[in-house]
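**Student:** The structure under discussion is supplied below as structure tokens; questions concerning it will follow.
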Amino acid sequence: MASVKKFQVTFDCAEPEHLARFWCEVLGYVVPPPPEGFATWDDHKQSRPSEQRDSWFACVDPTGVGPRLYFQRVPEGKAAKNRVHLDVRAGTGLVGEERLATLEAECARLVALGAVHERTLYADEENESCIVMRDIEGNEFCLD
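Numbering follows our numbering, with no gaps: position 72 of the sequence shown is 74.
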């Protein structure tokens, strides 16, 4: 059986481009080039019927390692806790106070971008610290 090597993460949202650009800042991702035949994303947007403009947007890892993030407009708002969320690995390999300080600094950077700090989960006998946050449309994610 063949195994899948690539995947994308899809977000349902109200404002695809706005949310995509937020996640570009969080993860160091970039907006890919516009589709062939278009000089800019605005040119591509203007070529679409008005009801399809701003219906989706994407961002990619410039190294090609991470998954593509795809954002699609949906009519309904977020109604419940995410069943799946992203863990933004800001403290990988760090422990104790050094980890917590790194996570808190990243949290402050993301709050300045519009994210919301929900709560800090402090280290215990089994787990290291992490910070639960929400993006600009209320989707939960963790700084880990």
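We put the beta carbon where it would ideally sit given N, CA and C, even for glycine.
Ordered along the chain, which non-local residues of its own chain (more than five positions away) have a Cβ less than 6 Å from that of Ile138?
**Tutor:** Here residue 138 refers to the residue found at position 136 when the sequence shown is read from its first residue. Here the set comprises Phe24 and Gly116.
**Student:** Assuming Arg91 is part of the alpha helix (DSSP H), what are its boundary residues?
**Tutor:** Working through the sequence shown from its first residue, we reach residue 91 at position 89. No alpha helix (DSSP H) contains Arg91, which DSSP labels as neither H nor E.
**Student:** Could you tell me whether the region 70–78 touches the region 128–137, using the rule of 3 or more Cβ pairs below 8 Å?
**Tutor:** Too few Cβ pairs lie closer than 8 Å, so no.
**Student:** Using a Cβ-Cβ cutoff of less than 8 Å, which residues in the same chain neighbour Pro18 once the five nearest sequence positions on both sides are dropped?
**Tutor:** In the sequence shown, counting from the first residue as 1, residue 18 sits at position 16. Excluding positions up to five away in sequence, the list reads Asp56, Ser57, Trp58, Phe59, Phe73, Gln74 and Arg75.
**Student:** My understanding is that Leu71 touches Cys109, with C-beta atoms under 8 Å, so please give their C-beta distance in whole angstroms.
**Tutor:** Here residue 71 is taken as the residue at index 69 of the sequence shown, counted from 1. Here residue 109 is taken as the residue at index 107 of the sequence shown, counted from 1. Not confirmed; about 20 Å, so no contact.
**Student:** Is DSSP giving Ala114 helix, strand or coil here?
**Tutor:** As a working note, residue 114 is residue 112 in the sequence shown. The answer is helix: DSSP assigns Ala114 an H, G or I state.
**Student:** The alpha helix (DSSP H) spanning Asp45 covers which residue range?
**Tutor:** Start at 1 with the first residue of the sequence shown, and residue 45 comes out as number 43. First-last of the alpha helix (DSSP H) with Asp45: Trp43 to Ser49.
**Student:** Determine the DSSP secondary structure at Ala60, reduced to helix, strand or coil.
**Tutor:** Counted from its first residue, the sequence shown places residue 60 at position 58. Strand, per DSSP.
**Student:** For the alpha helix (DSSP H) containing Val134, name the first residue and the last one.
**Tutor:** Walking along the sequence shown from the start, residue 134 turns up at place 132. No alpha helix (DSSP H) contains Val134, which is instead part of the beta strand (DSSP E) from Cys132 to Arg136.
**Student:** Give the DSSP-derived three-state secondary structure of Val32 in the structure shown.
**Tutor:** Within the sequence shown, residue 32 is the residue found at index 30, counting from 1. Correct three-state label for Val32: strand.
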